[in-house]
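Here's the structure we're looking at; comments come further down.
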Amino acid sequence: DIQMTQSPSTLSASVGDRVTITCRASRSISSWLAWYQQKPGKAPKLLIYKASSLESGVPSRFSGSGSGTEFTLTISSLQPDDFASYYCQQHYSYGLTFGGGTKVEIK
Amino acid sequence: EVQLLESGGGLVQPGGSLRVSCAASEIIFSSHSLSWVRQAPGKGLEWVSTISGSDNTTYYADSVKGRFTISRDSSKNTVYLQMNSLRAEDTAVYHCAKHSAAATVFDYWGQGTLVTVS
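Going line by line, the protein sequences match chains G and B.
Be aware that the first sequence starts at 72, since it is given in this note's numbering, and climbs by one per residue.
Be aware that the second sequence starts at 2, since it is given in this note's numbering, and climbs by one per residue.
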C-alpha cells in the first residue's frame, strides 16, 4: 500500500493567518490526492480532490497543489470555522490510504 | 436528498462477529460505490472496504482481508459489513461513505456506528 505522511501533526495559528499543511506519498500518485476536514464528533467533509479541484460549496480560501509525491493544502486566511483536523487521502489505487492528520488549533 | 444511516454497532468479545448496516437513499445506492471507513478513538481515518456500484466488485484493506465481507442488498438499499474474528484493534466508529462520481473519494458520509471489541 501507498503510505501517506502528513506534517505537521499539530499546528497553532490565529484567525487571518495563512496556513499550509503538507502531505507526502511513499511513491508517485500523480494528482490523485484528496483533502478532508473533520470536526470533533462529526463525519469528515471533502474539501479537495485530484490535488486541486475544489469540492462544490467549499470556500475559495481553501486550495490544494502538488503532484507526484508532495502535496499541500493551503488556507489563505484562517477563519474561526476552520479550526479542525485535516486529512489527506490518496485515490490513486486501492487500498486507499489516509495521512495521519493535522490538527489546526487556536494560537 | 443524500442519506446514509449506519446501524448495528455494539460491544463484542474478541474473536466474535458483528454485522453493521448502512441504509442509503435510493439515488445513492443505485449508481455509486459505497465504502466503509473507520476511526479508532482519538485516531485517524482508515479505509476498510468498498463495493462497486456498477458490478459489485469488492476491495478490502489488508488489515481486514479474510475477516470482513462487504455486501449490498438492492431490495433494501442497504450495504453491510460482516465482521468476523474481531480483534481489539478493530474498535472504532465505522462510517459508511459514498464515492464521488468524479474520483475515488468520499463526498457524503454517515455519522457512523461504534464497534467496541472487548
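Think of the CB as a built atom: it goes at the ideal place given N, C-alpha and C, for glycine as much as any other residue.
Let's test the definition: count the other Cβ atoms within 10 Å of the Cβ of residue i and tell me whether it reaches 16, buried, or not, exposed.
i, result
"I100(G)", "buried"
"G166(G)", "buried"
"S34(B)", "buried"
"P115(G)", "buried"
"E27(B)", "exposed"
"V106(B)", "buried"
"T81(G)", "exposed"
Just how far apart, CA to CA, sit residue i and residue j?
i, j, result
"S64(B)", "A122(G)", "27 Å"
"T140(G)", "T91(G)", "16 Å"
"T58(B)", "I52(B)", "6 Å"
"G113(B)", "H96(B)", "4 Å"
"G1(B)", "Q161(G)", "The structure shown does not extend to residue 1(B), since chain B spans only 2 to 119, so no value can be given for it."
"S78(G)", "S147(G)", "18 Å"
"S138(G)", "Y163(G)", "12 Å"
"L74(G)", "W48(B)", "According to the sequence provided, residue 74(G) is Gln. The question's Leu does not apply to it. One C-alpha to the other measures close to 13 Å."
How would you list, in chain order, the residues of chain B whose beta-carbon sits under 8 Å from the beta-carbon of residue i?
i, result
"T168(G)", "W48"
Counting only Cβ pairs nearer than 9 Å, list the residues of chain G close to residue i.
i, result
"Q4(B)", "Chain G residues near Q4(B): none, gap ~13 Å exceeds 9 Å."
"W37(B)", "Here the premise fails: no neighbours, minimum Cβ distance about 11 Å."
With distances taken Cα to Cα, identify the nearest neighbour of residue i among the options.
i, options, result
"G171(G)", "Y107(G), D152(G), S124(G), G87(G)", "Y107(G)"
"Q150(G)", "A96(G), A105(G), E176(G)", "E176(G)"
"L12(B)", "A93(B), L6(B), H100(B)", "A93(B)"
"K178(G)", "V129(G), Q74(G), A84(G)", "A84(G)"
"T76(G)", "C159(G), D153(G), S164(G), Y163(G)", "C159(G)"
"D88(G)", "S164(G), G128(G), D153(G)", "D153(G)"
"F30(B)", "V118(B), K44(B), A102(B)", "A102(B)"
"R88(B)", "I71(B), G16(B), S26(B)", "G16(B)"
"L115(B)", "D91(B), S86(B), S75(B), G54(B)", "D91(B)"
"L5(B)", "W110(B), T117(B), S119(B)", "W110(B)"
"T145(G)", "P111(G), T173(G), T168(G)", "T173(G)"
"F169(G)", "Q40(B), S8(B), S32(B)", "Q40(B)"
"T120(B)", "Q14(B), Y61(B), G43(B), A24(B)", "The structure shown does not extend to residue 120(B), since chain B is modelled only from 2 to 119, so the question has no answer here."
Mind pulling the chain B residues with CB within less than 7 Å of residue i?
i, result
"Q160(G)", "V106"
"Y120(G)", "S101, A103, A104, V106"
"L149(G)", "Near L149(G) there are no residues of chain B at all, since even the closest Cβ is about 22 Å away, more than 7 Å."
Which residues does DSSP list as the beta-bridge partners of residue i?
i, result
"E47(B)", "R39(B)"
"L149(G)", "For L149(G), which the question treats as bridged, DSSP gives no partner whatsoever."
"E90(B)", "Beta-bridge pairing links E90(B) to no other residue."
Starting from residue i, find everything on chain B with Cβ-Cβ shorter than 9 Å and list it in chain order.
i, result
"A84(G)", "Residues of chain B passing the Cβ test: none, with the nearest at roughly 20 Å."
"D72(G)", "A62, D63"
Which residues in chain G sit within 8 Å of residue i, going by Cβ to Cβ distance?
i, result
"A25(B)", "In chain order: nothing, as chain G lies at least about 14 Å away."
For a cutoff of 9 Å on Cβ pairs, would you count residue i as touching chain D?
i, result
"K178(G)", "Protein chains in the displayed structure are G and B, and chain D is not among them."
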